[in-house]
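J.:
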């Protein structure tokens, strides 16, 4: 999936007046690209990711999926896109502790009914668990996994509906260095092998370097890193 943001502004209304979060954001993410977005705490990184994924609407400006303007689309269409074409990965994993590893990965397929045959659901989920190296843990509770392993399950789950776009919000924020490296290698492999458009928010410059391009968000403005950018020295 190709994503474009054109002249996007975001303001939050407060009792003392509007607070600027994003100002005149222009961003193009071609199909199969992998970008990371950095910035200080409170800079609006999550709001930007949410606007890309349809969880928030911009105050002004347009959002395009594959050159189709979806800014004013009704909520039913936006929910359909999130369910069937966008995979979300969060810092907190958001796995269901009452389900096994395999059942967590199968869940989006069951909700979307993209795949209705239970055996096919299981086979596709197992294939994804092989991609993230956890096929042998399929029948275990996710509570028995390490943080890095849980995040790899979350990655597999995000891929279960064959999305065109992956959005990751601080996906390694709760992980140690070894787990972070393992998770990011999975991200990189998936992006390269499946040409899956990936947008990742991170505070970690080493994690950001796994992406093809790195952007910095501050003061509501988004700037792509260049070799001369002082933000990354």
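Numbering (this note's numbering), first residue to last: 27 to 259.
No residue lacks a Cβ here, since even glycine has one placed at the ideal position from N, Cα and C.
For residue 198, collect the residues of the same chain with a Cβ closer than 6 Å to its Cβ; drop the 5 residues on either side in sequence, then sort them by chain order.
T.: Taking the first residue of the chain shown as position 1, residue 198 is located at position 172. So the qualifying residues of the chain are 206, 209 and 233.
J.: Can you grab the Cα-Cα spacing for the pair residue 101 / residue 76, in whole Å?
T.: To locate residue 101, count along the chain shown from 1; it is residue 75. To locate residue 76, count along the chain shown from 1; it is residue 50. Residue 101 and residue 76: Cα-Cα distance of roughly 14 Å.
J.: Helix, strand or coil: how does DSSP classify residue 28 here?
T.: Along the chain shown, one-based indexing puts residue 28 at 2. DSSP places residue 28 in coil when its eight states are reduced to three.
J.: From the DSSP output, read off the bridge partner residues of residue 251.
T.: In the chain shown, counting from the first residue as 1, residue 251 sits at position 225. Answer by DSSP bridge pairing: none, since residue 251 is not bridged.
J.: How long is the line joining the alpha carbons of residue 250 and residue 55, rounded to whole angstroms?
T.: The residue you call residue 250 lines up with position 224 of the chain shown. The residue you call residue 55 lines up with position 29 of the chain shown. Cα to Cα, residue 250 sits roughly 12 Å from residue 55.
J.: Within its chain, find whatever has a CB closer than 6 Å to the CB of residue 62; leave out the 5 residues flanking it on each side and keep chain order.
T.: To locate residue 62, count along the chain shown from 1; it is residue 36. Here the set comprises 226, 228, 234, 237 and 240.
J.: Tell me the rounded alpha-carbon separation between residue 179 and residue 90.
T.: Looking up residue 179 in the chain shown gives position 153. Looking up residue 90 in the chain shown gives position 64. Approximately 29 Å, taken between the alpha carbons.
J.: What does the alpha-carbon distance come out to for the pair residue 216 and residue 150?
T.: Translated into positions along the chain shown, residue 216 becomes position 190. Translated into positions along the chain shown, residue 150 becomes position 124. Near 15 Å, if we compare the C-alpha coordinates of residue 150 and residue 216.
J.: With a floor of 3 residues, list each beta strand (DSSP E) that falls wholly inside the region 60 to 139, ordered by position along the chain.
T.: The qualifying runs are 60 to 64, 86 to 91 and 112 to 116.
J.: If you reduce the DSSP assignment to three classes, tell me which class residue 187 lands in.
T.: Here residue 187 corresponds to residue number 161 of the chain shown, with the count starting at 1. Coil at residue 187, not helix or strand.
J.: Is the region 126 to 138 touching the region 157 to 164, taking contact as three or more C-beta pairs under 8 Å?
T.: The answer is yes - the region 157 to 164 touches the region 126 to 138, with three or more Cβ pairs under 8 Å.
J.: Identify which residue in 242, 173, 146 and 132 has its Cα closest to the Cα of residue 185.
T.: Within the chain shown, the letter at position 159 stands for residue 185. Closest option to residue 185, Cα to Cα, is 132.
J.: For residue 144, does the three-state DSSP call read helix, strand or coil?
T.: Here residue 144 corresponds to residue number 118 of the chain shown, with the count starting at 1. DSSP places residue 144 in helix when its eight states are reduced to three.
J.: With DSSP collapsed to three states, give me the class of residue 158.
T.: Translated into positions along the chain shown, residue 158 becomes position 132. Three-state DSSP puts residue 158 in coil, outside helix and strand.
J.: May I ask you to report which of helix, strand or coil DSSP gives residue 243?
T.: Reading the chain shown from its first residue, position 217 is the one you call residue 243. In the structure shown, residue 243 sits in a strand (DSSP, three-state: E or B).
J.: Please determine, among 134, 107, 111 and 110, the residue with the shortest C-alpha to C-alpha distance to residue 120.
T.: On the chain shown, position 94 is the one that residue 120 refers to. Nearest C-alpha to residue 120: 134.
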